[in-house]
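Residues -3 to 403, numbered by my numbering, are exactly what the sequence shown covers, in order. Accompanying notes for the structure given below.
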Amino acid sequence: MATTTQLEPTVFLWQGRDKRGTKLKGQQIATTPNLVRAELRRQGINPISVKKKPKPLLGGAGSRISAKDIAVFSRQLATMLKSGVPLVTSMQIISGGLKNPRMRVMVDKIRAEVESGSALHEALEEHPVQFDELYTNLVKAGESAGVLDTILDNIATHKERIESIKGKIRKALYYPAAVIAVAIIVSSILLIYVIPQFEGIFKSFGADLPAFTKMVVEASRFMRAKGIYLLLGFVALVIAFIMAKKRSKRFAYFIDHTALKIPIVGVILEQAAIARFCRTLAITFAAGVPLVDALQIVSGATGNRVFDNAAAKIREDVAVGHQLQMAMQQVGVFPTMVIQMASIGEEAGSLDEMLIKVAEAYEEEVNNAVDALSSLLEPLIIVFVGIVVGTMVIAMYLPIFKMAAVI
């Protein structure tokens, strides 16, 4: 029995002339050149040439597809569906306005799948990196209930909120890390290249150096002799840390648990995880997904393995008949306010609304805490850099001040 091979959609560059003889050119996603020619003729364009778009010499295919790209795509698709534009046409319009080539190719592949008869959630499942289980399950629920536009709008809001929180946390943590890295680089340059010049001058004086200066000179000698090994060791340590976190669930759990214990930062990470738990559970449950299934989706979407494990344990308890608020109380990671709000929502039949309110409250707390942390860290970092660099400068000039005092 013969088997048919499914062709992958490809980007084709085309040139043609319209009915007035005007030369036109563009690009289109299709599986074969003949399909491109047929589509051009349908639009009243006489094709002159159709060929595959060559791949870049460096192997790049545009920027990677980010969570922000997916959020924008979701928002645009929701808006068009609400306006009554058919799904396939909506994706065709969206694809034409995308600047990211990878995103454009992916959207066209999804459109081709839907056009061939697949449901949207089935087409999205072919791209699990960009569309996770939460996304595809929500879309499936939206298609079943006939409220796909509303679901996509909720997904876009969810992703925008999550990315906003993640962006603020990254900003609060990356800024001091970047400044400290610069301070280390500057210090290393001083120790390896600048201080040896002073050391030669001090030797020509033939006088005893202050103890502080001797310490810095010894540090300079150590950096010149062992600096490369320190660098290689640090890189190896970072790589080992990343690999261990990816491969060992126990180690990853330990890291996430330890991160929650860090003063100030731990509170921010905890609040962000609670906000993601509540918002994800709320929009999933509101879409008509059963609570047990919703909790299974949430158990991989909080961004922290402590809360992921807690969600999995809550799911097990709810599956055997426990109330959500009781199951949340048993895991011991949720504040009393969150548990009480969940209890009120269960009793009133408005669990999704209550969880959204909790998520918004914690998101606001995260925003305020990150702003306060940034304001606190900036002067501390400046002082730290000043002390590190200033210490070495003072150490180098102490002998000169000592000789000046003698003279």
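Where is the CB? At the ideal position from N, CA and C, for every residue including glycine. Please read all numbers here as calculations on a predicted model, not as lab measurements.
* To do: Answer with yes or no whether the minimum CB distance from Arg100 to chain B is below 8 Å.
  => No chain B is present in this structure, which holds just one protein chain.
* **One or two residues paired with Gln11 in a DSSP bridge** => Lys21 and Ser45
* **the region 67 to 82 contacting the region 139 to 152, beta-carbon criterion three pairs below 8 Å** => yes
* Outcome for Phe237 when other beta-carbon atoms lying within 10 angstroms are tallied against a minimum of 16 -> exposed
* Beta-carbon separation of Gln326 and Asp313 under 8 Å? -> It is a contact, given that the beta carbons lie within the stated cut-off.
* Asked: Can you tell me where the alpha helix (DSSP H) with Ala115 in it begins and where it stops?
  -> First-last for Ala115: undefined, no H or E at that position.
* Asked: Got a sec? Which residues, its chain only, sit under 7 Å from Ser339 by beta carbon, not counting five neighbours each side?
  -> Gln321
* So, using beta-carbon positions, are Lys411 and Leu9 closer together than 8 Å? -> The requested residue 411 does not occur in the structure, where the chain is confined to residues -3 to 403.
* Asked: How do the region 246 to 261 and the region 87 to 101 stand: do at least 3 beta-carbon pairs fall below 8 Å, yes or no?
  -> no
* To do: Within 10 angstroms of the Cβ of Met239, are there 16 or more other Cβ atoms? Answer buried if so, exposed if not.
  => exposed
* To do: Confirm, please, whether the CB-CB distance from Thr298 to Ala290 is below 8 Å.
  => no
* Compute the distance between the beta-carbons of Ile335 and Arg275, then report whether it is under 8 Å. => no
* Would Asn30 be called buried (16 or more neighbouring beta carbons within 10 Å of its own) or exposed? -> exposed
* Could you give the C-beta distance for Val84 and Glu111, rounded to a whole number, given that I count them as a contact under 8 Å? -> About 5 Å; that satisfies the 8 Å criterion.
* **Same chain, Cβ closer than 7 Å to Val182, neighbours up to 5 away in sequence not counted** => Around Val182: Val385.
* Range of the contiguous alpha helix (DSSP H) that encloses Ser91 -> Leu83 to Gly92
* **Nearest-angstrom Cα separation, counted from Asn42 out to Ser62** => 37 Å
* Hey, would you say Tyr131 sits closer than 8 Å to Ile270, going by beta carbons? -> Going by C-beta atoms, Tyr131 is not nearer than 8 Å to Ile270.
* Backbone CA spacing between Ile383 and Glu361 [nearest angstrom] -> 33 Å
* Asked: Is Ala278 buried or exposed, if buried means 16 or more other CB atoms sit within 10 Å of its CB?
  -> buried
* **Residue range of the alpha helix (DSSP H) that includes Pro29** => It spans Pro29 to Arg38 - the alpha helix (DSSP H) in which Pro29 sits, taken as one unbroken run.
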